[in-house]
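First the structure, in the form of structure tokens, and then the observations on it.
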Amino acid sequence: MMYIRLILLSTFLNYSGHLGHENPPETSLREVPQLKGNEELFDLDSQVRHKIEFIEKYVPENTKIHLIGHSIGAWMVLQLLRNESVHKRIKKCYLLFPTIERMIESPNGWIFTKIVLPLYSVFGFIISLLNRLPEILKIFLVQIYFWFAVIPNYFIGTALKYAKPSVVEKVVFLAEDEMARVRALQSDIIQENMHLLKFYYGTTDGWVPIKYFRQLKEQFPDIDAELDIKKIDHSFVLRYSKPMACIVGDFIIENSEILGIMAS
């Protein structure tokens, strides 16, 4: 079973991130457009179109897809189900710590709108200042923060890559769009696609309170929704990437006929 899981996770994986949330290598001839004047390139609608284009361009038409959406990615997966060319290819969708409703009403939504946004100019100044420091000093400061936050040091390079003013402003812009648009649960999409959906909710999630899970189960008693029992964080990639990968790997194995036969 473990052997099959490792093959699965290392072989059959395509990843599509969010537009504008990563700068190309310095050697690249391409540049990511600036946010100002190009807002329509980085909002939720554009992010969904990006995923559709990725699937249509890189995934063979006869390939069955297992979609994994984390946080706002779960909301995007629901939107993909509206697209006929994508829908017909989908085998199963796994929505992890899904921010698919009432984001602004969540504890973290309150913090973002009432504290982070009003102080964004201050945070933006700190980010700009950080990028002006010598590399060794930037690494040292990030190490200090990681020590307090109990985050492994192997994420330092990734943190520095994303801590760019041009990236941060696009992340904040998308988050604002999420607060404005991810409100009511899209019950129609869920009702029509329950056989394709698997939900995984956290118990310590500031973006998705447990009551959202319970209310989903009340509205859809037969829905495949599971509550985490390992106290995995919403941002699981920072501390719980391996156990979460095993959980999702098992989900995929359970919904893959050939691998399921091999596993038995």
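In mature numbering (1 follows the signal peptide of the UniProt record, and there is no 0), the protein residues as written are -20 to -1, 1 to 244. Yeah, the Cβ is synthetic: ideal placement off N, Cα and C, and Gly gets one too. Small disclaimer: the values here were computed from a predicted structure and weren't measured.
- Residue state for Gly49 is assigned as strand, using DSSP reduced to three classes.
- Judged by DSSP in its simplified three-state form, Leu76 adopts strand.
- In the three-state scheme derived from DSSP, where H, G and I count as helix and E and B as strand, Tyr142 is classed as helix.
- Looking at the DSSP output, Phe179 shares a beta bridge with Leu75 and Ala205.
- No Cβ-Cβ contact shorter than 8 Å links Leu154 with Lys118.
- Rounded to whole angstroms, the Cβ separation of Phe105 and Leu218 is 25 Å, and the two are not in contact under 8 Å.
- Only residues of its own chain outside the window of five on either side were considered, and among them Val28 have a CB closer than 7 Å to the CB of Gln59, listed in chain order.
- Per DSSP, reduced to three states, the secondary structure at Ile190 is helical.
- Separation of Leu99 and Leu165 (C-alpha to C-alpha, rounded to the nearest whole angstrom) is 30 Å.
- Per DSSP, the beta bridge partners of Ile70 are Ile45.
- Per DSSP, the unbroken alpha helix (DSSP H) holding His30 starts and ends at Leu24 to Tyr38.
- DSSP places Lys222 in the uninterrupted alpha helix (DSSP H) bounded by Ser221 to Glu234.
- Here DSSP, grouped into helix, strand and coil, assigns Ala164 to coil.
- Excluding five sequence positions before and after Glu158, the CB atoms of its chain that fall closer than 6 Å to its own CB belong to Ile52 and Met83, given in chain order.
- Judged by pairs of C-beta atoms under 8 Å, the stretch 223 to 231 does not touch the stretch 192 to 199, as fewer than three such pairs exist.
- If you draw a 10 Å sphere on the C-beta of Trp127, you find fewer than 16 other C-beta atoms in it, and that means exposed.
- For Met56, same chain residues with a beta-carbon under 8 Å away, outside a window of 5 residues either side, are Leu24, Gln27, Val28, Lys31 and Gly49 in chain order.
- Leu15 sits in coil when the DSSP states are folded into three classes, being neither helix nor strand.
- Beyond the five residues adjoining it in sequence on each side, Leu110 comes within less than 8 Å, by CB distance, of Lys118, Leu121 and Ala143 in the same chain, given in chain order.
- The alpha-carbon of Cys73 is positioned some 32 Å away from that of Asn133.
- Ile169 carries a helical assignment under DSSP once its states are collapsed to helix, strand and coil.
- When DSSP states are grouped into helix, strand and coil, Asn88 belongs to the helix group.
- Of Ile70, Pro201, Lys150 and Ser215, the smallest CA-CA separation from Lys16 is found for Lys150.
- In summary, Gly229 is buried, with 16 or more beta-carbon neighbours lying within 10 Å of its beta-carbon over all protein chains present.
- DSSP places Val122 inside the alpha helix (DSSP H), whose first and last residues are Glu115 to Ala129.
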